[in-house]
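First comes the structure, then the notes that go with it.
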Amino acid sequence: MLNYVIRRLLVAVPTLLILIIICFYLMQTAPGGPFTSERPLPPQVLANIEAKYGLDQPHYKQLYNYVVGIVTQFDFGPSYQYKDRSVNDIIAQGFPVTLTYGFISFVVATIVGVSLGVVAAIRHNTALDYIAVGATFSAQALPNFVMAPILIYVFTLKLGLLPGGGWNGGQWQYLIMPVIALSTSFFASVARITRSSMLEVLNSNFIRTARAKGLPETTIIWRHALKPTLMPVVSYLGPAFVGMITGSVVIDIYFSTGGIGRFYVNSALNRDYAVMLGLTILYGGLTVLFNLLTDLLYAWLDPKIRY
Amino acid sequence: MKMTSKTLVGALLATTMMASPLLAAGMHPSTGEALADDQSFTYRLLDEHSSVDPQIVEDTSGADIVRDLFEGLYNQDAAGNLVPGVALSHTTNEAKDVYTFTLRDNAKWSNGDAVTAGDFVYGWRRLLDPATASPYAWFGELMSIEGASAVLAGEADPSTLGVSAVDDHTLEVKLTASLPYFALMTTHGSTFPTHQATVEAHGDKWTAPENIVSNGAYVLTEHVPSERSVRERNPMYWNNDATILETITSLVINDENVALTRYLAGELDKTEVPAGQYPKLNAEYPNQAHSNPRLCNYYYTFNMSGNGNPAFDDVRVREALSLAVDRSVITDAVLQGGQFQAYTFTPGLTAGFVTPDVPSASMTQAERDAKAMELMAEAGYGKDNPLKFDMLYNTSEGHKKIAIAMSQMWKQKLGAEAVLANQEWKTFLETRGNQDFELARGAWCGDYNEASTFLDLLDSGSGYNDGKFNSARVDELLMMAKTSDDTQPLYTEIEQIIANEIPVIPVYHYTRVMMLQEDVKGWPFENIEQNVYSKDLYVVAE
Amino acid sequence: MGMVKDPERVEAIADNIADAREVKGRSLWQDAMGRFVHNKAAVGSVFILAGILLFAIVGPYFAVWSNEEIDWARMGNVADVGQPSFENGHFFGLDSIGRDLYSRTIQGTLTSLMVGVVGAMVAVVIGTLYGAISGFVGGWVDNLMMRTVDILIAIPYMFVIILLMVIFERSLIMLFVGIGMFSWLDMSRIVRGQTLALKHKEFIEAARAAGVGWFVIVVRHIMPNLLGVVVVYATLLVPGMIMAESFISFLGLGVQEPNTSLGALISDGAGTILYDQVWQLAIPLTFFLTIVISLFFIGDGLRDALDPKDR
Chain F
4 MLNYVIRRLL
14 VAVPTLLILI
24 IICFYLMQTA
34 PGGPFTSERP
44 LPPQVLANIE
54 AKYGLDQPHY
64 KQLYNYVVGI
74 VTQFDFGPSY
84 QYKDRSVNDI
94 IAQGFPVTLT
104 YGFISFVVAT
114 IVGVSLGVVA
124 AIRHNTALDY
134 IAVGATFSAQ
144 ALPNFVMAPI
154 LIYVFTLKLG
164 LLPGGGWNGG
174 QWQYLIMPVI
184 ALSTSFFASV
194 ARITRSSMLE
204 VLNSNFIRTA
214 RAKGLPETTI
224 IWRHALKPTL
234 MPVVSYLGPA
244 FVGMITGSVV
254 IDIYFSTGGI
264 GRFYVNSALN
274 RDYAVMLGLT
284 ILYGGLTVLF
294 NLLTDLLYAW
304 LDPKIRY
Chain W
5 MKMTSKTLVG
15 ALLATTMMAS
25 PLLAAGMHPS
35 TGEALADDQS
45 FTYRLLDEHS
55 SVDPQIVEDT
65 SGADIVRDLF
75 EGLYNQDAAG
85 NLVPGVALSH
95 TTNEAKDVYT
105 FTLRDNAKWS
115 NGDAVTAGDF
125 VYGWRRLLDP
135 ATASPYAWFG
145 ELMSIEGASA
155 VLAGEADPST
165 LGVSAVDDHT
175 LEVKLTASLP
185 YFALMTTHGS
195 TFPTHQATVE
205 AHGDKWTAPE
215 NIVSNGAYVL
225 TEHVPSERSV
235 RERNPMYWNN
245 DATILETITS
255 LVINDENVAL
265 TRYLAGELDK
275 TEVPAGQYPK
285 LNAEYPNQAH
295 SNPRLCNYYY
305 TFNMSGNGNP
315 AFDDVRVREA
325 LSLAVDRSVI
335 TDAVLQGGQF
345 QAYTFTPGLT
355 AGFVTPDVPS
365 ASMTQAERDA
375 KAMELMAEAG
385 YGKDNPLKFD
395 MLYNTSEGHK
405 KIAIAMSQMW
415 KQKLGAEAVL
425 ANQEWKTFLE
435 TRGNQDFELA
445 RGAWCGDYNE
455 ASTFLDLLDS
465 GSGYNDGKFN
475 SARVDELLMM
485 AKTSDDTQPL
495 YTEIEQIIAN
505 EIPVIPVYHY
515 TRVMMLQEDV
525 KGWPFENIEQ
535 NVYSKDLYVV
545 AE
Chain U
65 MGMVKDPERV
75 EAIADNIADA
85 REVKGRSLWQ
95 DAMGRFVHNK
105 AAVGSVFILA
115 GILLFAIVGP
125 YFAVWSNEEI
135 DWARMGNVAD
145 VGQPSFENGH
155 FFGLDSIGRD
165 LYSRTIQGTL
175 TSLMVGVVGA
185 MVAVVIGTLY
195 GAISGFVGGW
205 VDNLMMRTVD
215 ILIAIPYMFV
225 IILLMVIFER
235 SLIMLFVGIG
245 MFSWLDMSRI
255 VRGQTLALKH
265 KEFIEAARAA
275 GVGWFVIVVR
285 HIMPNLLGVV
295 VVYATLLVPG
305 MIMAESFISF
315 LGLGVQEPNT
325 SLGALISDGA
335 GTILYDQVWQ
345 LAIPLTFFLT
355 IVISLFFIGD
365 GLRDALDPKD
375 R
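Protein chains in written order, with this note's numbering: chain F, 4 to 310; chain W, 5 to 546; chain U, 65 to 375.
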């Protein structure tokens, strides 16, 4: 088990390294640089700036220095756009924000999704089931960049109930709309998976046996059916988390939450190389980590699997 | 030392908080209006500002904050005229190449230190020091300070720069050229003083709220990147008694429609109006919707470098395309924010500039269209031989709408097919800067209020001349204008050359279209450069 | 954007299909068809989708305005005179700059469907070939190819797409490549598993003994046998592709004007909620939701039909 975890973490190192190299060279091929501006800088000014950030060195050397900086000092470099901040500062400030609303959305999506999926499966082929299926499909298909402005229009302007954006240290009023917008498509996915998994479990032999023994339906569902039902749901959680991070771009744009999603898109547009690389490594690392956690959770739930 | 100064500011802030209701609940000292108890102002920023370091900042939203936090030699009043800042007055020699500024003796930094001529010397050296790597270092060269280029190139020590503190309250600047308007340039953020001890103690992090020491009417108290930035009254400011607004908050809201929604919900005091929405908002909120001229033009430039579309070598084609653009549709149906139709490159409201008569301006659109069709036929283009070219603009809702409208005008009137290509900003700049285009969007906002800030773009030697228009006569006229006392005839001739040669299609001249809550007063609508000083704003009681 | 991939279910289906081949007398496909026809939601969705496709093909013949023409007389005042109207020929109203939304919706629908189908095809072709080769060749090649997939799967693909769209000139091709490039990974794993199972079947051994080259075996004998799983997986991929495209359009990195997609139209429409131009969002959004939801139902229906354990 420990061996397995160590091996998986060791694979993460070349993975991230390849990720850095791909992104670094993709970024270098992009037209324009971090200091391209509408008023082209005089050559001397540009030269001074590039010298300050070491951008006058050959590409392979910049890449080498960057990787060495990370390994030896955990320094992800400076931001060329926000000159009073380093990439570490940006992540330290933005990541807790993204993680807070991402995690809450994740929990909400899982609870709502599993409940809805279980109810739909128990009431299979009834009106309730059809409504639940229709609702989850609609929720999954509705883009969150449509939902976000509608939420703001309704709750902020028309009803005057919630602030239209901002973070304010994560007070609950500021969290409600981002969580709704972010969790919707994920609770729908979780509900779909739960429903079909539950249906399969309810038709399996051991549940039939339990029914034959005359156990009450609630006991069957809670004690016997729920755990195997959750297996496929668990395997979806890794991708779901990555999806939440991608979704944070929309949340940051509409709700001005100040998370790292917006910084990522901006860094690509501004050619803020170090910020972009730093955030890519962060996302890549999280993806690896969550896929590993998912697999471990899976193994814990299913005693048949051994690593 | 650091701790004590911070505690001091804290204590002073606390005392003003207690004292302020007395002032806030009172009346405006000069207008007599009743003031609201809550003197706070919240506005929308499109995006996170680059920095609040005066020598580093390069975007306008950052410059607006710097103008509140720091104070230079001179400020501007509501009409854009020079008024004393840290400097009380200045004298200059006959040749206008040595300037001596007399500084006030009561100016203080937010930690209580006196603001001295040495702080300006430090700031200006810092601007040009290669180690600072300021993107605005060129402004120091533009000011023609003695030794600026050598310092910037790293060939001379920053201490050799031609700026010196004669005593604590006398600043002397030596220039390499005669600049009659030099004092005007000291309202620019990059010339503001910086506090040497703070910069040296904290390095790049000196602008963080817990470190920053500033000399303006406000101090930075909170900064959450990409979310908000808060500045509050600076009790050490020399003219603190005249400051009315207590708190200014800028909120980053990327989407302009969401920003307007939040404005209408009362969360913001000021936001921009999206293209096309001004008439409706103005009808509904006549006292909140404002449209005022800005010193900017909007144009499309032909690629005249030889790499462009060969069809554009024919001046008749260029003229036909320019004539067929119905400017009134762009200003009245697309933008709808009171923008001005443009037939000349320089905005008509530029100081000391009278818009010259160009033939196309006085024609009706029907006449222009007829002439355009005639010219295209003469040039050999028509239904059987349609003109086809690429049209480049950068990704933005507004630019997209204008490009679509223009391309449809050409298609329907001239049968010409413009293939639209939008590129994301940096790619666009690179493509345009490398003359890798046929027809490209351009816009320019004046660095200062004088026609040459625009016309210099068409100088064959200008780094901003992306269309590579090359006219010996224009270069000559621009050179003459630098030293002439009567520039109008020169500028008129340049505009007429542009009207004949059509290197660019002027489309419109900007306005700033915004929503401002009715109770916020003191906004400098007349300031065409849009330099706002929050210390001049105040909130009146309902 | 939450794509339900659920590779395990698909793998189970694949096992089914493979098992069914053993038993000659019973046709798996007939059985599956029978089950699919009884799934009302899925069949209904097929008809709805066919209807939309028919509308997108026939619709242009009824259009009064083209998708790029501006209605100059109405363009400045869209909120008041731009509503859907039969009298002026703008059946779906005008977009915010005065172009006919009917023609634009049709054109956007075609673009979105094409992105979905071609994107899924790119993923399926790459994934099938890659997985089949990896599984069939085996040994260190298999190991290397699968470790590569492990690495690629850890890349936050939406961000790489953003990067690609920023770097290269925007075009539909780039969009397909970008989206397709990261969607083939799961497919390749499933196909590899199936190939490993098929590898030692008699008909493959026979081909091998006859001296047929490995690539020909993969293309001629292995891939046709994977058809079922490929079809199901492709159907599940299409709505995800359409949704991914809409997100890219939202970021302003989508197709070039005057062309459009449903994602671009929705994104434009979402900006006008405040301005009484509700049709600009409602109409393209209706088309988008109908298409995506229908595809969900069809995908689920196909999966259930090929995996009878469920009933």
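For glycine and all other residues, C-beta sits at the position ideal for the given N, C-alpha and C.
Strictly below 9 Å CB to CB, what residues from chain F border residue i?
i	result
U/L349	L145, P146, V149
Note down, in chain order, every chain W residue with its Cβ under 8 Å from the Cβ of residue i.
i	result
F/T260	E231
F/L272	E428, W429, K430
Is the beta carbon of residue i less than 8 Å from the beta carbon of residue j?
i	j	result
W/Y514	W/F357	no
W/E145	W/G166	no
W/V262	F/P152	yes
U/V295	U/L359	no
W/N535	W/A83	no
F/G167	W/T253	no
U/L249	U/M238	no
W/E176	W/T104	yes
W/D123	W/T198	yes
W/L194	W/Q59	Strictly speaking, residue 194 of chain W in this sequence is Ser, with Leu absent from that position. Yes, they are a contact pair.
W/M392	W/Q439	At residue 392 of chain W the sequence reads Lys, which differs from the Met that was named. Cβ distance not < 8 Å, so W/K392 and W/Q439 don't count as in contact.
W/A111	W/V87	no
W/K430	W/A376	no
W/F349	W/Y303	yes
Counting along the chain, where does the alpha helix (DSSP H) carrying residue i start and finish?
i	result
U/G115	104 to 122
F/Y133	130 to 144
Please compile the residues from chain U whose C-beta is within a distance smaller than 9 Å of the C-beta of residue i.
i	result
W/N426	R234, G316, Q320, E321
F/I134	The premise fails here: F/I134 is roughly 12 Å from chain U at the closest Cβ pair, so nothing lies under 9 Å.
Along chain W, which residues have their Cβ under 7 Å away from the Cβ of residue i?
i	result
F/G1	This structure cannot speak to residue 1 of chain F, because chain F is shown only from 4 to 310.
F/G72	Within 7 Å Cβ-Cβ: nothing; F/G72 doesn't reach chain W, min ~16 Å.
F/T39	K430, L433, E434
Can you pull the chain U residues whose beta carbon is under 7 Å from the beta carbon of residue i, in chain order?
i	result
W/Q281	Y339
Starting from residue i, trace the beta strand (DSSP E) in both directions and tell me its first and last residue.
i	result
W/A205	Taken as a continuous stretch (DSSP letters only), W/A205 belongs to no beta strand (DSSP E), being part of the alpha helix (DSSP H) at 200 to 206.
W/N301	293 to 306
W/V234	232 to 237
What does residue i reach in chain W if we use C-beta pairs closer than 9 Å?
i	result
U/G199	Per Cβ cutoff of 9 Å: no residues; U/G199 is ~41 Å from chain W at best.
U/G157	Ordered by position in chain W, no residue passes the 9 Å Cβ test against U/G157, which lies about 16 Å from the chain.
U/M139	V333, A337, V338, A409
F/P99	Here the premise fails: no neighbours, minimum Cβ distance about 11 Å.
Identify the contact partners of residue i in chain F, using a Cβ-Cβ distance below 7 Å as the criterion.
i	result
U/A334	F148, V149, P152
Just to make sure I have the definition right: I need the residues of chain U whose C-beta is within less than 8 Å of the C-beta of residue i. Which are they?
i	result
W/E412	Going by the sequence as given, residue 412 of chain W is Gln instead of Glu. Per Cβ cutoff of 8 Å: E132, E133, I134.
Segment contact flag, the stretch 181 to 198 of chain U with the stretch 129 to 142 of chain U, C-beta cutoff 8 Å, min 3 pairs: No: the two stretches stay apart, fewer than three of their Cβ pairs being nearer than 8 Å.
Which residues, in chain order, does the stretch 395 to 409 of chain W contribute to contact with chain U at a C-beta distance below 7 Å? Against chain U - using a Cβ distance shorter than 7 Å - the residues of the stretch 395 to 409 of chain W are T399, K404, K405, I408, A409.
Cβ contact check for the stretch 128 to 140 of chain W and the stretch 36 to 50 of chain F: 3 or more pairs under 8 Å: Yes, the stretch 128 to 140 of chain W is in contact with the stretch 36 to 50 of chain F.
Looking at chain U, which residues of the stretch 325 to 344 of chain W have a Cβ within less than 9 Å of any of its Cβ atoms? Listed by position along the chain: D330, V333, D336, A337, V338, Q340.
Could you name the residues of the stretch 101 to 134 of chain U whose beta carbon sits closer than 8 Å to any beta carbon of chain W, in the order they occur along the chain? Under the 8 Å Cβ criterion, the stretch 101 to 134 of chain U contributes E132, E133, I134.
Contacting positions in the stretch 251 to 263 of chain W - beta carbon closer than 7 Å to chain F: Along the stretch 251 to 263 of chain W, going in chain order, the ones with a CB nearer than 7 Å to a CB of chain F are L255, V256, I257, N258, D259, N261, V262.
Determine which residues of the stretch 159 to 183 of chain F have a Cβ less than 7 Å from any Cβ of chain W, and write them out in chain order. Listed by position, the residues of the stretch 159 to 183 of chain F near chain W (Cβ gap below 7 Å) are T159, L160, G163, P166, G167, G168, G169, W170.
Any 3 or more C-beta pairs closer than 8 Å across the stretch 193 to 206 of chain U and the stretch 255 to 270 of chain U: When C-beta atoms of the stretch 193 to 206 of chain U are compared with those of the stretch 255 to 270 of chain U, three or more pairs fall below 8 Å, so the two segments count as touching.
Say whether the stretch 112 to 127 of chain W touches the stretch 9 to 25 of chain F, bearing in mind that this needs 3 or more beta-carbon pairs closer than 8 Å, one atom from each stretch. Look at the beta carbons and you see the stretch 112 to 127 of chain W not touching the stretch 9 to 25 of chain F: under three pairs across the two are nearer than 8 Å.
The stretch 91 to 110 of chain U in contact with the stretch 333 to 352 of chain U per 3-pair CB rule at 8 Å: Output reads no: the stretch 333 to 352 of chain U does not touch the stretch 91 to 110 of chain U.
Chain F contacts from the stretch 65 to 88 of chain W (Cβ-Cβ distance under 8 Å): Correct list: empty, as no residue qualifies.
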